[in-house]
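First comes the structure, then the notes that go with it.
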Amino acid sequence: MDDVLQEIDNEVRNNKVVVYMKGTPAFPMCGFSAATVQVLREIGVPFKAIDILADPEKRDAIKSYSNWPTIPQVYVGGKFIGGCDIVREMHARGELAPLLRAAVQS
Amino acid sequence: MTTPEDIRRTLEAALPGARVSVEDTTGGGDHFEVEVAAAAFAGKTLVEQHQLVYGALGTLMPRIHALSLRTTAA
Chain Y
1 MDDVLQEIDN EVRNNKVVVY MKGTPAFPMC GFSAATVQVL REIGVPFKAI
51 DILADPEKRD AIKSYSNWPT IPQVYVGGKF IGGCDIVREM HARGELAPLL
101 RAAVQS
Chain C
1 MTTPEDIRRT LEAALPGARV SVEDTTGGGD HFEVEVAAAA FAGKTLVEQH
51 QLVYGALGTL MPRIHALSLR TTAA
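Sequences listed follow chains Y and C, in order. Each residue of the first sequence is one higher than the one before, counting from 1 in our numbering. Each residue of the second sequence is one higher than the one before, counting from 1 in our numbering.
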């Protein structure tokens with residue numbers, strides 16, 4: 001378990017935008033994951049997607065890593081920013097694009 | 001099966017004075033849309049607000065397949 005948490009920590013720190021999701025961006029396996037990827041694509045920043053369905057241990061570990069019980073989870077600049085609802089709400093408020101662009105350019 | 005009433009009561013007990021609305025989006029007792037306005041959210045980030053709600057739902061949470069959540073500080 002500690003190894004998985006360490007792996008997550010590395011993924012989150014070494015990629016500017018990371019989404020933990022069910023399925024892949026091309027084949028999302030859940031509406032919330034699909035909607036989250038859609039928002040990231042609309043903004044047009046590169047992101048790393050990690051399919052937690054392919055890794056049951058990581059599926060559990062990511063929830064304790066962020067103290068967040070649901071998937072998808074989005075991390076920007078090493079920090080957990082929320083799940084689908086928060087990502088959509090921040091996007092609707094116009095707050096998400098500047099945050100993502102600043103992280104990608106940093 | 002979880003009812004909208006279960007969720008509303010649980011959240012109102014955990015967040016005194018909160019205004020809670022719950023909709024069962026499929027009628028199946030496991031997909032819900034929840035809106036919560038609570039004084040306890042003041043000064044908290046959206047992540048912290050949602051964490052309060054998830055924490056309050058406690059043992060109900062594993063039985064819910066999909067929860068769409070919207071929180072505002074009352």
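Glycine included, every Cβ here is placed at the ideal spot set by N, Cα and C. The structure displayed is predicted, hence computed values, not measured ones.
**OP:** In angstroms with no decimal places, state the Cα-to-Cα distance between Thr-22/C and Asp-30/C.
**Re:** Reading the second sequence from its first residue, position 22 is the one you call residue 22/C. Reading the second sequence from its first residue, position 30 is the one you call residue 30/C. Per the sequence shown, residue 22/C should be read as Val rather than Thr. Whole-angstrom Cα-Cα distance: 12 angstroms.
Subject >> Counted within 10 angstroms of its Cβ, other Cβ atoms place Gly-44/Y as buried (16 or more) or exposed >> reply: Translated into positions along the first sequence, residue 44/Y becomes position 44. Exposed is the call here.
Original post:
Given that Val-36/C touches chain Y, what residues does it touch there, using C-beta distances under 8 angstroms?
Top reply: By one-based count along the second sequence, residue 36/C stands at place 36. Those within 8 angstroms of Val-36/C in chain Y number zero; the least Cβ separation is about 12 angstroms.
Subject >> Assigned exposure category for Pro-72/Y - 16 Cβ within 10 Å defines buried >> reply: In the first sequence, residue 72/Y corresponds to position 72, counting from 1. Buried, because 16 or more other Cβ atoms sit within 10 Å of the Cβ of Pro-72/Y.
Original post:
Under the three-state reduction of DSSP, which class applies to Thr-71/C: helix, strand or coil?
Top reply: As a first step, residue 71/C must be located in the second sequence, where it is residue number 71. Thr-71/C falls in the strand class under three-state DSSP.
Original post:
Going by DSSP, what residues sit across from Glu-48/C in a beta bridge?
Top reply: Numbered from 1 along the second sequence, position 48 holds the residue referred to as residue 48/C. Bridge partners of Glu-48/C: none, in fact.
Original post:
Just curious, the alpha helix (DSSP H) that Lys-58/Y is in, first and last residue?
Top reply: Against the first sequence, residue 58/Y aligns to sequence position 58. 56-66 is the span of the alpha helix (DSSP H), which, as asked, contains Lys-58/Y.
Original post:
Excluding the five sequence neighbours on either side, which residues of its own chain have a C-beta within less than 6 angstroms of the C-beta of Pro-4/C, listed in chain order?
Top reply: Numbered from its first residue, the second sequence carries residue 4/C at position 4. The answer, listed in chain order, is Val-22, Asp-24.
Subject >> Separation of Phe-27/Y from Glu-7/Y, as counted between CA atoms >> reply: Here residue 7/Y refers to the residue found at position 7 when the first sequence is read from its first residue. Here residue 27/Y refers to the residue found at position 27 when the first sequence is read from its first residue. So the alpha carbons of these two residues sit roughly 24 angstroms apart.
**OP:** Give the DSSP-derived three-state secondary structure of Met-21/Y in the structure shown.
**Re:** The residue you call residue 21/Y lines up with position 21 of the first sequence. Strand at Met-21/Y.
**OP:** Evaluate contact between the stretch 6-21 of chain Y and the stretch 42-62 of chain Y, counting only Cβ atoms and requiring at least three cross-stretch pairs below 8 angstroms.
**Re:** yes
Original post:
Can you tell me whether DSSP reads Arg-63/C as helix, strand or coil?
Top reply: For the purposes of this step, residue 63/C is taken as the residue at position 63 of the second sequence. In the structure shown, Arg-63/C sits in a helix (DSSP, three-state: H, G or I).
Original post:
For Ala-40/C and chain Y, any beta-carbon pair shorter than 8 angstroms?
Top reply: The residue you call residue 40/C lines up with position 40 of the second sequence. No, because no Cβ of chain Y sits closer than 8 angstroms to the Cβ of Ala-40/C.
**OP:** Can you tell me which of Gly-55/C, Thr-45/C, Ala-73/C, Ala-38/C puts its alpha carbon nearest to the alpha carbon of Leu-15/C?
**Re:** Stepping through the second sequence from its first residue, residue 15/C is reached at position 15. Taking only the C-alpha atoms, the option nearest Leu-15/C is Ala-38/C.
**OP:** Assuming Val-39/Y and Val-87/Y form a contact by the criterion Cβ under 8 angstroms, report the distance between their Cβ atoms to the nearest whole angstrom.
**Re:** In the first sequence, the residue the question calls residue 39/Y occupies position 39. In the first sequence, the residue the question calls residue 87/Y occupies position 87. About 5 angstroms separates the two Cβ atoms, so the contact holds.
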